[in-house]
Structures are given as structure tokens and as C-alpha cells.
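For what it's worth, this note's numbering labels the leading residue of the sequence shown as 27, then goes sequentially.
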Amino acid sequence: MRIKPLHIVLLYNASTLGTPDQPDDSSSTDELRRMIRRMARVLRGLKHRVTILPLAQNLLAFQHRLRRLRPDVVFNQYDDVVNGALYEMRVAALVRMLGYPMTGSPALALGLTRSKYMTASLLHGVGILIPPKTELLERIGDVDRHTWQFPLIVQASQEHAGIGLERDSVVYSKNALRHKVRHILKTYLQPALAQRFLPGREFNVGILGGRKPCVLPLAEVNYSELPPDIPPIMSYAAKWLENTVEYKKTSVICPALVEPELAREIGRTALRSFRAVSGWGYGRVDIRLDTAGQPRVLEVNCNPSLEEDVALARSAAATGIQYPQLLQMIIKAALEHTPFDVEIPML
Numbered sequence: 027m028r029i030k031p032l033h034i035v036l037l038y039n040a041s042t043l044g045t046p047d048q049p050d051d052s053s054s055t056d057e058l059r060r061m062i063r064r065m066a067r068v069l070r071g072l073k074h075r076v077t078i079l080p081l082a083q084n085l086l087a088f089q090h091r092l093r094r095l096r097p098d099v100v101f102n103q104y105d106d107v108v109n110g111a112l113y114e115m116r117v118a119a120l121v122r123m124l125g126y127p128m129t130g131s132p133a134l135a136l137g138l139t140r141s142k143y144m145t146a147s148l149l150h151g152v153g154i155l156i157p158p159k160t161e162l163l164e165r166i167g168d169v170d171r172h173t174w175q176f177p178l179i180v181q182a183s184q185e186h187a188g189i190g191l192e193r194d195s196v197v198y199s200k201n202a203l204r205h206k207v208r209h210i211l212k213t214y215l216q217p218a219l220a221q222r223f224l225p226g227r228e229f230n231v232g233i234l235g236g237r238k239p240c241v242l243p244l245a246e247v248n249y250s251e252l253p254p255d256i257p258p259i260m261s262y263a264a265k266w267l268e269n270t271v272e273y274k275k276t277s278v279i280c281p282a283l284v285e286p287e288l289a290r291e292i293g294r295t296a297l298r299s300f301r302a303v304s305g306w307g308y309g310r311v312d313i314r315l316d317t318a319g320q321p322r323v324l325e326v327n328c329n330p331s332l333e334e335d336v337a338l339a340r341s342a343a344a345t346g347i348q349y350p351q352l353l354q355m356i357i358k359a360a361l362e363h364t365p366f367d368v369e370i371p372m373l
């Protein structure tokens, strides 16, 4: 794939503030900066001119700087785990309003998918299967308003990256549910999301492309080595805490060994979900099978991590797309994007 040399602004979040109930992690901040520097080297190796632009919270200064730089495209790696969807939406909307092409999904999709309940409601409305008994619990008393079938998985409704997902997130009684909801309301200052816990296989489905997105080879999360007292979920520990049992005993198989018909069904479900939320460029849809073997969507991640050799990059490599080509394809999708988010049709 050939793209003429471009001036690319590589945008990332310069804030190092911690997140609720999680300690400041200087190592993860250093890891982010290493990833950004690596991406810049790869893009420069593709003959692009790259300006790395860290952004804190001063959007006015950011706007002035962006106007002075006049990039051909903004490579959006801004992720805000503290302020969440609000700032991610503002940044994405501002870039688009200033008239610059931007990688990844538009503001509408970023804001929508940071709310797990809104995403689930939209997907359910267009006929896409989600976990049964998906409920938003805004106060402790909401627990008693429903009839539950356990086990359930309970999590903060507006977090991502595994934040708040712990060993006690899978509950087996109303008392345990009430305790977990109370913890989420107090700690994260947001409603809790409760869903029927699905016992089947779990898949990460990468999606790549603009006008004609494609499904990348499936990746399956392997929980088979976890001890029986640890629930098979992609918790915060499983994602980030290298010294924990969850991290050491959770692995990913890519490409996954899946029957062709099931793989096609999972791929179709993921692609429909990505389009339903107005995703663009690249994304990841997490899917789990129910007791009948049907794929149900857990989450849509519109701008997943682009760290080399993991997640989306790993799935792309399984189909022969190496890291430089992956970044180039994401840029190409950004240049295909419509000028304004409202022109993107939804299902």
C-alpha cells in the first residue's frame, strides 16, 4: 500500500494522573511513551514527517498548536482513563471540527462505547445478541427491583481497560451483588452494570478498514490454566499486573481454532456491532459464547491499543499485515473518512 509522505501529528495524553481505586503506575506511563516513540519511528520509516504532540487538559492551547502545525492527518492515541469519554469526545470532535483527518473512530462512537450500557442497548435494539439480563444499577435499591439468575458479572458501567474488574466481580448471590454494586457506586462514582455471566469461549475480534472494513483472524482468550477459585474473566490483574496469577495464567491464542461456520458468525456479529456504533478505521469487539454456543457481544472498543505484537497488531500479523503496514492502513482509513460524523450512517 502506497501513501504519499504526509505530515502526521501523533497525539497522546500527557496526563499521568491515577484512576479511581488504582495506584499511580509510572511504569505504564513510561510504556505509553515508549509505544508513542516506537510508532513515530515506524511512521518516519514510512517517509512521513511526524510531530509528537502530548496533550494535557488545555484544549485552547492544543487548538492553537494544531493550527500552527497544519498536519495532513492526526494519529489519535489520546486515551483518558481519568476523565473518560468526555475528554476523549472533546479532543476527537475538536480535531474534526478544525478540518483535519483523524485516525480511528469519531467523537460520537468514542463517547457511546465508553458507556457499556448505552452500547448494549443500541446493539440489542438492532438485533445483535448481548448477555441476558443486562441492567444498569444506579443505586443500591435497584438490586431489589429485579429477579436475578446467578451467576452475574458486575462492573463499572463507564470504565475500560479492565478497571474495576476483580475476582469478586462474578457474583453468585443477591448479597454479593449488593456488596459489589455498593463498592462501584462509592469508588467509581458511576452506575454499575450487571449482566448474566456467560460460561462459553471468549474471543477478541479485530476490525480494520474505513469504507470496507474487514475482520482480522480471531483471537481466543485462554483461561484454562487459571485455578478454579479465580473467575475466567479479563480482569484488571489479567491485563496489567504481571506478578499476579491472573496475568501469568491467562493467555491469548491467535489465530483461534474455531469451526469455519462459527468463525463466520462471530465475524459477522463483530462487524455489525462496529458499524452499529459508527466505528471507523480500526476496532476490537469482545464476544463470548452463551450456553447454546451463540455469540454475544460483551464490548465494542473503537480505538483499541496499537501496541506492537499484542491485541490488534497480533491479529493483523496473523493475516500477514506487519506493524508498519497496519499503521499505514489506519492512516488510509482516516483519509477516506467523511468530513463530519453526522454523515456516517448507522444500521
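Positions of the beta carbon are idealized from the N, C-alpha and C atoms, including for glycine.
Computed from a predicted model, the values in this text were never measured in an experiment.
Residue i vs residue j beta-carbon contact at 8 Å
i: Ile259; j: Val311; result: no
i: Leu36; j: Phe101; result: yes
i: Leu155; j: Gln320; result: yes
i: Val196; j: Ile179; result: yes
i: Lys85; j: Arg116; result: Sequence check: residue 85 is Leu here, not Lys. Yes, these two residues count as a Cβ contact at 8 Å.
i: Cys328; j: Gly188; result: no
i: Leu219; j: Gln181; result: yes
i: Pro157; j: Leu324; result: yes
i: Gln354; j: Ile29; result: yes
i: Ala318; j: Met128; result: no
i: Pro81; j: Tyr104; result: The residue asked about is misnamed: residue 81 is Leu in this sequence, not Pro. Cβ atoms of Leu81 and Tyr104: closer than 8 Å.
i: Thr139; j: Val326; result: yes
i: Arg208; j: Lys159; result: no
i: Pro330; j: Gly309; result: yes
i: Pro217; j: Leu162; result: yes
i: Asp194; j: Lys206; result: yes
i: Arg64; j: Glu334; result: yes
i: Ser261; j: Glu192; result: yes
i: Glu114; j: Gly236; result: no
i: Glu272; j: Ile256; result: yes
i: His90; j: Pro31; result: no
Three-state secondary structure (DSSP) of residue i
i: Tyr143; result: helix
i: Ser199; result: coil
i: Pro49; result: With a pLDDT of only 45 at Pro49, under the threshold of 50, the placement of this residue in the model should not be trusted, and no figure is reported.
i: Gln103; result: strand
i: Phe379; result: No statement about residue 379 is possible, as the shown extent of the chain runs from 27 to 373 and does not include it.
i: Met355; result: helix
i: Val207; result: helix
i: Ser436; result: The structure shown does not extend to residue 436, since the chain is modelled only from 27 to 373, so the question has no answer here.
i: Val247; result: strand
i: Val76; result: strand
i: Ile313; result: strand
i: Met260; result: coil
i: Glu272; result: helix
i: Glu333; result: coil
i: Glu362; result: helix
i: Glu192; result: coil
i: Ala187; result: coil
i: Arg28; result: coil
i: Ile62; result: helix
i: Ser348; result: For the sequence presented, residue 348 should be read as Gln rather than Ser. Correct three-state label for Gln348: coil.
i: Gly153; result: coil
i: Leu86; result: helix
i: Pro371; result: Because the pLDDT of Pro371 is 42, which lies under 50, any placement of that residue in the model is unreliable, and the number read from its coordinates should be weighed accordingly. Note: Pro371 maps to coil in three-state DSSP.
i: Asp170; result: helix
First through last residue of the alpha helix (DSSP H) which encompasses residue i
i: Glu378; result: In the structure as shown, the chain starts at 27 and stops at 373, and residue 378 therefore has no counterpart that could be examined.
i: Ala318; result: Note, Ala318: premise wrong, no alpha helix (DSSP H); not H, not E.
i: Arg298; result: 286–302
i: Ala282; result: Counting along the chain, Ala282 falls outside any alpha helix (DSSP H), and DSSP gives it neither H nor E.
Enclosing beta strand (DSSP E) for residue i [first to last residue]
i: His33; result: 33–39
DSSP beta-bridge partners of residue i
i: Leu81; result: Asn39
i: Leu219; result: Leu162, Gln181
i: Leu234; result: Cys240, Tyr308
i: Glu57; result: Answer is none; Glu57 lacks a bridge partner.
i: Glu114; result: Answer is none; Glu114 lacks a bridge partner.
i: Met128; result: Val100
i: Phe229; result: Glu246, Ile313
Any C-beta of chain C under 8 Å from that of residue i
i: Thr213; result: Any reference to chain C falls outside this structure, which holds one protein chain only.
Closer than 7 Å: residue i CB and nearest the ligand MG heavy atom
i: Ile256; result: With respect to the ligand MG, the structure offers nothing, as it holds no ligand at all.
> Taking contact to mean at least 3 C-beta pairs separated by less than 8 Å, is the segment 144–151 in contact with the segment 296–306?
Replying inline: Yes, the segment 144–151 is in contact with the segment 296–306.
>> Does the structure place the segment 194–213 close enough to the segment 271–288 that three or more beta carbon pairs sit under 8 Å?
In response: The segment 271–288, when compared against the segment 194–213, does not touch it at the 8 Å Cβ threshold.
>> I want to know whether the segment 113–126 touches the segment 338–351 - three or more CB-CB distances under 8 Å.
In response: Touching, no, given that fewer than three Cβ pairs across the two stretches are closer than 8 Å.
>> Would the segment 167–179 count as touching the segment 241–254 if we require 3 or more Cβ pairs under 8 Å?
In response: Because the criterion of three Cβ pairs below 8 Å is not met, the segment 167–179 and the segment 241–254 do not touch.
> Counting pairs of beta carbons, one from the segment 335–347 and one from the segment 229–244, are three or more of them closer than 8 Å?
Replying inline: Contact between the segment 335–347 and the segment 229–244 is present: 3 or more CB-CB pairs across the two stretches fall below 8 Å.
>> I'd like to know if the segment 301–308 and the segment 131–145 are in contact, where contact means that at least 3 CB-CB pairs between them fall below 8 Å.
In response: Contact between the segment 301–308 and the segment 131–145 is present, because at least three Cβ pairs lie under 8 Å.
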